[in-house]
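Protein sequences, first through last, are from chains A and B.
Residue 47 in my numbering sits at position 47 of the first sequence; the count goes up by one each step and never skips.
Just remember that my numbering sits 1000 ahead of the position in the second sequence, which is counted from 1.
Ideal Cβ placement from N, Cα and C applies to all residues, glycine included.
Bear in mind the structure is a predicted one, so any value in this text is a computation, not a measurement.
In what follows, a single structure is set out as structure tokens and then discussed.
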Amino acid sequence: MNIKLKIWRQKNAQSKGKFETYSLNDVSPEMGFLEMLDYLNQELISKGEDPVAIDHDCREGICGSCGLYINGQPHGPEPKTTTCELRMRSFKDGSLITVEPFRSRMFPVIKDLLIDRSAFDKILIAGGFISSNTGTAPEANSIPVCKKKSDKAFDMAACIGCGACVAACKNASAMLFVAAKINQYALLPQGKVEAAERVKKMVAKMDELGFGSCSNTYACEAKCPKGISVSAIAKMNREFLHAKIVAE
Amino acid sequence: MRKLNLRPSTISSKVVMALAGVFLMLFLVVHLFLNLLMLMGDEGETFSNAVVFMTENPAVKIFEYVLFAGFIIHIIIGLLIEIKNYFARPVKYAVSNTSKTSFFSKYMIHTGLIILIFLIIHFTHFFFVKLNLVDIPGDITTDNHDFYAMAKYLFKNGIYTLIYIISFVFLGFHLNHAFQSAFQTLGLNHPRYTPFIKALSSIYAIVVSMGYSIIPIYFYFFY
């Protein structure tokens, strides 16, 4: 298949950036979206041009580093798919594909489609952990965990921190990410100990960094590659209110 | 000692906004019920009796202040959140978001501002008259509590009636999202009940919007 690509090119964080259009022929429908970009970059390099900078690592949908805003949707048109899992068969032959970086004040562009997602790390540092002694792993069965809750915690832990929720949200809100991380711990006995402190600290950090607020539009849920539900946000709000009003 | 936080978190602001919204939604039901008494066909006698009760009851007086606080809090927080959200994404997308979202939620600020403009019009012709801040429209009555006569007079005007009906349609759009959104913000989301709440939200929006629309239509066409 032959396609046209409209790609955001930006030299560095300071420069302004603009769209460039490229034509790419003989693209296989089985190619991954990143492979297609590799193919484009190969052509650019052979012509002596600067290749398009993209973020990627595992290319199997678990690392969360590939995140592109493709034709108006983070990670492209398919549901529950990361950019690396997206195949070119999802696009029509001859179509124009617009590729932009995830846009948010907290995700500044480093170069082209490469963004700085360290704002997420800052939120995690604020409280996304449990305090525990190092050394030999404790006996796994000493703390009973309800199966239903452990499954739910696992659903939350599926968040790969790709930032698609922020990219999809009309307010660039990070509520779904923060909610997933908070609930992942709050649902388990090990995480319950610091639950109240955690939710307060992580939400405060999220606000301090300047992420937008949630207006229950649910675009995050629609575009989360791991299918994390907005019920996580409601649970975080409950945790937050409990921490603020009830907990000491 | 706890530190006094003068910059409330986004979640706290949203919760306060939702609570104010819930109060406003309850008020809308009471206000609608009272106004529908105008359609009893008794030249507004039942309605006027209800107005007297509402004006003289001290509990209602207190609620009136709570109601204004509710309006002001809801509007101010709404605007502040909107400004904050705007700055969260300084560089906009070239292709606007095409992913599946709740449609009405995207236009809450727009529908909200339309309702605010409507409120100003509505207050000028009804509420401020009661407070003696504005003259009785058209001098049709000497009693500044005779809202029945005022409604009868004002809704004879086609454009005025149309402004009201259009505003109620937008009010419906606002409420369709507002009702179910309040539950989510207050942390009340459950796989079993949320679909029911969403359905109820649309029913509430339609009933309120249509209920209020009946009044100007009634006076314009059947009076």
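- Bridge pairing for L5 (chain A): A:Y22 and A:I97 [DSSP].
- Short of 6 Å from the beta carbon of F33 (chain A), and not among the five residues preceding or following it, lie these beta carbons of its own chain, in chain order: T83 and L86.
- In the three-state reduction of the DSSP assignment, S150 (chain A) falls in the helix class.
- G67 (chain A) has its alpha-carbon roughly 21 Å from the corresponding atom of L44 (chain A).
- Taking C-beta atoms under 8 Å as the contact rule, R105 (chain A) and F1087 (chain B) qualify, at a distance of about 7 Å.
- Interface flag for P1090 (chain B) against chain A is set, since a Cβ pair is found closer than 7 Å.
- In terms of beta-carbon proximity, A222 (chain A) lines the interface with chain B, with at least one pair separated by less than 7 Å.
- Q10 (chain A) carries a coil assignment under DSSP once its states are collapsed to helix, strand and coil.
- Here the alpha carbons of R103 (chain A) and T1010 (chain B) stand approximately 20 Å from one another.
- Within the segment 81-102 of chain A, those residues whose Cβ lies closer than 8 Å to any Cβ of chain B are, in chain order, T98 and E100.
- For the set A:L114, A:L5, A:N41 and A:P74, the Cα lying nearest the Cα of A13 (chain A) is the one of A:L114.
- T1101 (chain B) places its beta carbon 7 Å or farther from that of Y69 (chain A).
- Counting along the chain, V109 (chain A) sits inside the beta strand (DSSP E) bounded by residues V109 to K111.
- Excluding sequence positions up to five before and after A172 (chain A), its CB lies within less than 6 Å of the CB of S104, V166 and G212, all in the same chain and listed in chain order.
- Secondary structure of S131 (chain A) (DSSP, three-state): coil.
- Our two residues, T21 (chain A) and K201 (chain A), have alpha carbons roughly 44 Å apart in a direct line.
- Here L1026 (chain B) carries a helix assignment [DSSP, helix/strand/coil].
- Between A168 (chain A) and S1099 (chain B), the gap from beta carbon to beta carbon is short of 7 Å.
- Neighbourhood of Y39 (chain A) in chain B, by CB distance below 9 Å: empty, with the nearest CB roughly 22 Å away.
- Beta-bridge annotation (DSSP): Y69 (chain A) is paired with A:P74 and A:E100.
- Under DSSP, the beta-bridge partners assigned to L114 (chain A) are A:K111.
- Within the segment 203-240 of chain A, complete alpha helix (DSSP H) segments of at least 4 residues are found at 219-223, given in chain order.
- For L1116 (chain B), there are no neighbours in chain A by C-beta distance under 8 Å, as the nearest C-beta there is about 17 Å away.
- In terms of Cβ geometry, H1145 (chain B) and V1051 (chain B) form a close pair [threshold 7 Å].
- Take the alpha-carbon of A1178 (chain B) and the one of D50 (chain A): they are about 49 Å apart.
- Within the segment 1189-1211 of chain B, contact with chain A at the beta-carbon level (separation under 8 Å) is assigned to N1189, H1190, P1191 and T1194.
- Residue contact check for N237 (chain A) against chain B: a CB pair falls below 7 Å.
- For a cut-off of 8 Å, the C-beta gap from V1208 (chain B) to L1162 (chain B) is around 19 Å, too long to register as a contact.
- Near chain B, meaning a CB-to-CB distance below 8 Å, the residues of the segment 196-217 of chain A are V203, A204, M206, D207, G210, F211, G212, S213, C214, S215, N216 and T217.
- With 16 or more neighbouring CB atoms inside 10 Å of its own CB, L1154 (chain B) falls in the buried class.
- For G1112 (chain B), no CB of chain A lies under 7 Å from its own CB, so it is not counted at the interface with that chain.
- Annotation: the continuous alpha helix (DSSP H) that includes L1113 (chain B) extends over M1108 to H1122.
- Ranked by how close their Cα comes to the Cα of K152 (chain A), the residues A:P138, A:L176, A:G72 and A:L187 have A:L187 in first place.
- Secondary structure within the segment 1003-1085 of chain B: the alpha helix (DSSP H) runs of 4 or more consecutive residues, fully enclosed, are 1010-1036 and 1045-1056 (chain order).
- In chain order, V1134 place their CB closer than 7 Å to the CB of T1124 (chain B), counting only its own chain and leaving out the 5 sequence neighbours on each side.
- Residue-level contact by beta carbon holds for F240 (chain A) and chain B, with a gap shorter than 7 Å.
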